């Protein structure tokens with residue numbers, strides 16, 4: 177099975193014929209079977225918010241949710257890092273919040289996107305094992321943003337370790353040079369799910385650190401030839417796992433939806449089982 181989706185649901189005007197307003201989740205879910213949401217990264221959502229999402233999508237729609245920033249050790253880069261007990265409580269709060277998605281089979285995976293300073297070490301390797309213990313039974317995908325996790329033999333060892341833990345290694349497409357970024361490594365570490373996250377290849381925007389970096393970082397539109405290469409990768413991965421999920425994040429110029437629909441067409445797949453919900457929105 178191949179599924180395709182986007183980061184966020186509200187910022188894709190081409191899905192509503194270019195109208196200058198936010199896209200509703202009901203409208204988004206008529207086009208794609210999955211969405212990635214980053215709001216849980218900033219604050220553990222209330223269960224009522226989760227239920228509200230569910231009420232706006234078909235029953236077979238699924239969510240990729242980012243893990244909270246405390247769960248991914250982002251707090252370690254701040255002036256007020258949390259202690260182990262507080263960190264564990266965040267894990268517990270998160271589990272309670274997403275229970276409706278788990279019960280309904282609508283949680284595709286929890287995305288642990290680690291910070292760039294989360295390098296490979298004895299401590300971070302052990303932390304991955306700790307996550308697998310605390311989150312036992314939950315689907316987990318891991319995205320590394322530090323190059324120390326990659327290298328010919330290192331990648332083999334890391335992917336073997338994640339396979340042991342039952343975690344999905346996210347294949348990241350982003351600008352990658354000797355001094356920045358991580359390589360694109362489409363490796364199956366979990367036979368249930370492979371996850372590709374496509375950020376675009378805007379090298380200049382990726383390296384700038386100005387105040388408007390967010391508006392430039394993912395400013396990129398994949399060409400047909402580049403998407404065809406992804407098709408080949410996806411079809412290879414599909415032979416080794418139950419599902420390949422592709423998430424487009426190249427949306428600074430609002431290109432993600434168009435690229436996702438183009439990839440869908442190139443793969444010759446459709447999501448005809450999706451349909452917009454008829455709701456009273458006022």
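In our numbering, the protein residues as written are 177 to 458.
We treat Cβ as the ideally placed atom computed from N, Cα and C, and that holds for glycine.
For clarity, every value in this text was computed on a predicted model and none was experimentally measured.
Per DSSP, what kind of secondary structure is residue i in: helix, strand or coil?
{"i": "residue 326", "result": "coil"}
{"i": "residue 187", "result": "coil"}
{"i": "residue 406", "result": "helix"}
{"i": "residue 460", "result": "This structure does not reach residue 460, given that the chain is present from 177 up to 458, and the question cannot be answered."}
{"i": "residue 317", "result": "strand"}
{"i": "residue 227", "result": "helix"}
{"i": "residue 447", "result": "coil"}
Please say whether residue j and residue i have beta carbons closer to each other than 8 Å?
{"i": "residue 392", "j": "residue 376", "result": "no"}
{"i": "residue 419", "j": "residue 183", "result": "no"}
{"i": "residue 213", "j": "residue 204", "result": "no"}
{"i": "residue 208", "j": "residue 447", "result": "yes"}
{"i": "residue 343", "j": "residue 312", "result": "no"}
{"i": "residue 189", "j": "residue 397", "result": "no"}
{"i": "residue 427", "j": "residue 394", "result": "yes"}
What is the residue span of the alpha helix (DSSP H) that residue i lies within?
{"i": "residue 381", "result": "379-383"}
{"i": "residue 232", "result": "Counting along the chain, residue 232 falls outside any alpha helix (DSSP H), and DSSP gives it neither H nor E."}
{"i": "residue 360", "result": "Premise fails: residue 360 is in no alpha helix (DSSP H) and is neither H nor E."}
Is it buried or exposed, residue i, if we count other Cβ atoms within 10 angstroms and call 16 or more buried?
{"i": "residue 233", "result": "buried"}
{"i": "residue 221", "result": "buried"}
{"i": "residue 425", "result": "buried"}
{"i": "residue 219", "result": "exposed"}
{"i": "residue 245", "result": "buried"}
{"i": "residue 240", "result": "buried"}
{"i": "residue 350", "result": "buried"}
{"i": "residue 440", "result": "buried"}
{"i": "residue 330", "result": "exposed"}
{"i": "residue 365", "result": "buried"}
{"i": "residue 358", "result": "buried"}
{"i": "residue 370", "result": "buried"}
{"i": "residue 411", "result": "exposed"}
Taking the beta strand (DSSP E) that residue i belongs to, which residues open and close that run?
{"i": "residue 373", "result": "370-374"}
{"i": "residue 214", "result": "Neither: residue 214 is in no beta strand (DSSP E) and is coded neither H nor E."}
- Message: Within 8 Å, do at least three Cβ pairs link the segment 316-334 to the segment 282-292?
- Response: yes
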